[in-house]
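One structure below.
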Amino acid sequence: MNKEKKHLNDLPEGLKAINKIKIKNIKTGVGHDLMGYYCDFYIGNKKIGYANDDGWGGEVEIRYETVEGEKQMKQICEEHDIAKLLFEECGWEFMKDVKEINIYTQVQMLIEDALNYQAIQKNNKKYTNARKKATLKSIVYGTEAGYKSSGYKILLKELIEKYPQGRFKIQEKYDEVKKKLKKGEKIFNDNLEELGIKL
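Take the sequence shown: its letters are residues 0 to 198, numbered as in numbering that gives the first Met the number 0.
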């Protein structure tokens with residue numbers, strides 16, 4: 000039975016390596032298949048080089064600003080045993096021997112998984128911010144993977160200020176949502192107690 004193929008950002012040691020580099024100036028969706036990309040990569044605030052996949056087949060072009068920068072990337076790969084992670088966890092066992100995974104491939108995979116990880120983090124932040132914003136007008140519930148809301152067109156705070164029954168209506172809605180929560184679901188609002196809602 001085949002193991003599930005992982006990315007470096009799924010593995011603690013791989014994530015440590017990814018966190019040592021920064022990806023900037025990202026361009027994606029290039030080339031005839033729209034699967035190409037370009038990015039600059041940094042260690043700290045120092046630009047180390049760029050990676051360019053033109054999306055037309057062939058190898059990804061990795062260029063370094065200095066020989067020292069190239070050595071630093073190699074050191075990160077060696078410190079975190081990237082070749083071994085790729086071979087044992089990330090679907091590269093077809094190479095037959097871990098020693099066949101050269102430093103070029105290790106750096107390429109480190110950069111590409113760093114790009115993916117950064118995109119995931121950005122989407123997670125957008126999702127969390129949208130969910131938080133929804134709590135201003137609604138009772139927001141669900142899981143980390145998805146949420147639903149039951150609420151109003153105006154802010155909960157305004158509902159209480161403008162309508163005598165506002166707090167009662169919010170309490171009623173909160174109790175109703177709480178009663179219907181499925182296993183693994185929770186209410187995400189952290190603003191209800193300050194509005195006088197009993198949890």
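By construction, the Cβ of each residue, glycine as well, lies at the ideal position given by its N, Cα and C atoms.
Values in this document were obtained by computation on a predicted structure and should not be read as measured data.
DSSP three-state assignment for residue i, whether helix, strand or coil
{"i": "residue 0", "result": "Residue confidence is low: residue 0 scores 41 on pLDDT, short of 50, so the model does not pin down where it sits. Its coordinate-derived value is still stated next. It is coil, neither helix nor strand."}
{"i": "residue 52", "result": "strand"}
{"i": "residue 112", "result": "helix"}
{"i": "residue 194", "result": "helix"}
{"i": "residue 44", "result": "coil"}
{"i": "residue 18", "result": "coil"}
{"i": "residue 24", "result": "strand"}
{"i": "residue 169", "result": "helix"}
{"i": "residue 13", "result": "helix"}
{"i": "residue 101", "result": "coil"}
{"i": "residue 5", "result": "coil"}
{"i": "residue 83", "result": "helix"}
{"i": "residue 68", "result": "helix"}
{"i": "residue 155", "result": "helix"}
{"i": "residue 164", "result": "coil"}
{"i": "residue 127", "result": "helix"}
{"i": "residue 132", "result": "helix"}
Residue environment, residue i, which counts as buried when at least 16 other CB atoms sit within 10 Å
{"i": "residue 34", "result": "exposed"}
{"i": "residue 162", "result": "exposed"}
{"i": "residue 134", "result": "buried"}
{"i": "residue 101", "result": "exposed"}
{"i": "residue 31", "result": "exposed"}
{"i": "residue 91", "result": "buried"}
{"i": "residue 164", "result": "exposed"}
{"i": "residue 58", "result": "exposed"}
{"i": "residue 0", "result": "Bear in mind that the predicted position of residue 0 carries a pLDDT of just 41, short of 50, making it too unreliable to give a figure here."}
{"i": "residue 137", "result": "buried"}
For residue i, the nearest candidate out of the options (CA to CA)
{"i": "residue 19", "options": "31, 147, 72 and 54", "result": "72"}
{"i": "residue 60", "options": "108, 67 and 99", "result": "108"}
{"i": "residue 97", "options": "82, 111, 13 and 40", "result": "82"}
{"i": "residue 64", "options": "76, 168, 42 and 58", "result": "42"}
{"i": "residue 157", "options": "86, 179 and 194", "result": "194"}
{"i": "residue 89", "options": "191, 178, 180 and 9", "result": "9"}
{"i": "residue 105", "options": "6, 85, 175 and 114", "result": "85"}
{"i": "residue 15", "options": "56, 118, 77 and 132", "result": "77"}
In DSSP terms, what residue i is bridged to
{"i": "residue 35", "result": "29"}
{"i": "residue 139", "result": "148"}
{"i": "residue 61", "result": "50"}
{"i": "residue 186", "result": "140"}
(Q) When you compare the segment 46 to 57 with the segment 21 to 30, are there three or more beta-carbon pairs, one atom per stretch, that lie closer than 8 Å? (A) yes
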